[in-house]
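Undergrad: Take the sequence shown: its letter number 19 is residue 21 in the working numbering, and every next letter is one higher.
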Amino acid sequence: MTIFRYAMIKGLQGKLTLICNCILPLALIFLRPLWTGDFQLGFSIMAFAIMSGTFLISQGIMEDRVDNTITRILAAPVTMFNYLVQKLLAYIVPITVVIIMVCLIGFALYDWTFSFTIALMLCYNVFAIASVALTFAWVCLFKSKETSMGTFSMFLTAMAVIGGLLIPVEVLPTAIRYIGAFSPSYWASTGIGSLLLDGVTLRYWLSIAIMAMFTVIFLLYGGKRRIV
């Protein structure tokens with residue numbers, strides 16, 4: 003698993019990446035006002051931090067394209083499928099570990115029930131995987147890292163707004179909600195909202211299923227693009 007270890011270490015070397023993927027989520031969970039009261043903004047802010055962090059850590063695929071590292075890797079007895087699987091795992095594993103830690107700390111600090119904690123952990127993890135897959139599909143569209151990051155930062159903000167991570171879905175116009183439904187962030191927001199209001203319901207499971215569907219679509223699209 004040389005590619006896996008290399009990708010994980012390199013992905014967490016950047017200061018901004020380390021802050022967004024590790025320090026920020028762990029700091030947020032200790033800010034009690036965000037997780038209690040009427041609004042409980044911590045849940046959506048955490049989802050936004052996850053989405054931002056996954057994009058930053060997943061830039062390794064773009065860097066491999068730019069400096070021709072991927073060409074040298076594929077010259078060895080390594081298949082494209084093996085390369086992509088190890089890369090995706092390297093980006094998902096650190097985020098998953100942090101999500102588990104955040105949810106366990108929340109369970110201890112805020113009297114969350116065990117079932118709520120597990121359901122929230124699942125929702126965040128499925129959203130993180132969908133976000134990594136989205137990033138993979140996105141970077142395959144560009145040959146320049148600067149162009150990719152510049153356009154995705156605007157795209158990220160737009161998704162957070164129409165997806166209900168920065169503004170409650172309920173206050174958005176109906177037309178915006180329909181557009182937002184085509185992004186994983188909308189269904190992450192919907193799943194979290196359903197969990198907070200009604201617990202584990204059919205709407206919660208629908209949100210999980212749709213985020214999983216987005217993951218498959220993004221991976222299939224990205225896998226068919228020429229990345230070498």
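Ideal Cβ positions, reconstructed from N, Cα and C, are used throughout, including at glycine.
Can you tell me whether DSSP reads Cys142 as helix, strand or coil?
TA: Here DSSP, grouped into helix, strand and coil, assigns Cys142 to coil.
Undergrad: Buried or exposed, going by whether 16 or more other CB atoms sit within 10 Å of the CB of Val1?
TA: The shown model of the chain, from 3 to 230, leaves out residue 1, and the question about it has no answer.
Undergrad: Within 8 Å (strictly less), CB to CB, does Cys24 reach chain B?
TA: Annotation note: the requested chain B is absent from the structure, which comprises a single protein chain.
Undergrad: Distance check for Leu43 and Leu199, CA to CA, integer angstroms please.
TA: 14 Å
Undergrad: Need the endpoints of the alpha helix (DSSP H) that Phe57 sits in, please.
TA: 44-59
Undergrad: In the DSSP assignment, find the unbroken alpha helix (DSSP H) run with Ile178 in it and report its ends.
TA: Following the DSSP letters along the chain, one finds Ile178 inside the alpha helix (DSSP H) bounded by residues 176-182.
Undergrad: Along the chain, where does the alpha helix (DSSP H) that runs through Thr192 open and close?
TA: 186-200
Undergrad: So, helix, strand or coil for Trp207, using DSSP?
TA: In this structure, DSSP gives Trp207 a helical state, which the three-state scheme calls helix.
Undergrad: State the DSSP-derived secondary structure class of Pro170, mapped to helix, strand or coil.
TA: For Pro170, the three-state secondary structure derived from DSSP is coil.
Undergrad: So, Leu14 versus Asn23, is the Cβ gap smaller than 8 Å?
TA: yes
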